[in-house]
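Some notes on the structure that comes next.
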Amino acid sequence: MKIKARSWSMLTNQDKMFLLRAISQRSKFQHQLVEKV
C-alpha cells in the first residue's frame with residue numbers, strides 16, 4: 001500500500017495515527033505467522 005505525499009499531507013493527524021497503527025498491527029501479525037511456521 002503506497003500513499004502519495006500529496007494525499008498523505010491532506011490527512012489529519014488522527015488519520016495518520018490510525019494508518020500507522022493498522023500497518024504496525026498488520027506487520028506484527030505477519031511476524032507471528034512466520035514464527036509459528
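If you read the sequence shown in UniProt numbering, its first letter stands for residue 1, the second for the next number, and so on. Built from N, CA and C at the ideal position, the CB exists for glycine as well. Only a predicted model underlies this, so the values are computations on that prediction, with no experimental measurement involved.
Item to check | Euclidean distance between Cα positions of residue 15 and residue 36 | outcome: Position 15 of the sequence shown, counting from 1, holds the residue named residue 15. Position 36 of the sequence shown, counting from 1, holds the residue named residue 36. In a straight line, the C-alpha of residue 15 is about 32 Å away from that of residue 36.
Item to check | Nearest-angstrom Cα separation, counted from residue 28 out to residue 11 | outcome: One-based indexing of the sequence shown puts residue 11 at position 11. One-based indexing of the sequence shown puts residue 28 at position 28. As the crow flies, the alpha-carbon of residue 11 is around 24 Å from that of residue 28.
Item to check | Three-way DSSP call (helix, strand, coil) for residue 11 in this model | outcome: Position 11 of the sequence shown, counting from 1, holds the residue named residue 11. Residue 11 falls in the coil class under three-state DSSP.
Checklist entry - In whole angstroms, what separates the C-alpha of residue 18 from that of residue 30? => result Counting from one through the sequence shown, the residue named residue 18 turns up at place 18. Counting from one through the sequence shown, the residue named residue 30 turns up at place 30. Roughly 18 Å between the two C-alpha positions.
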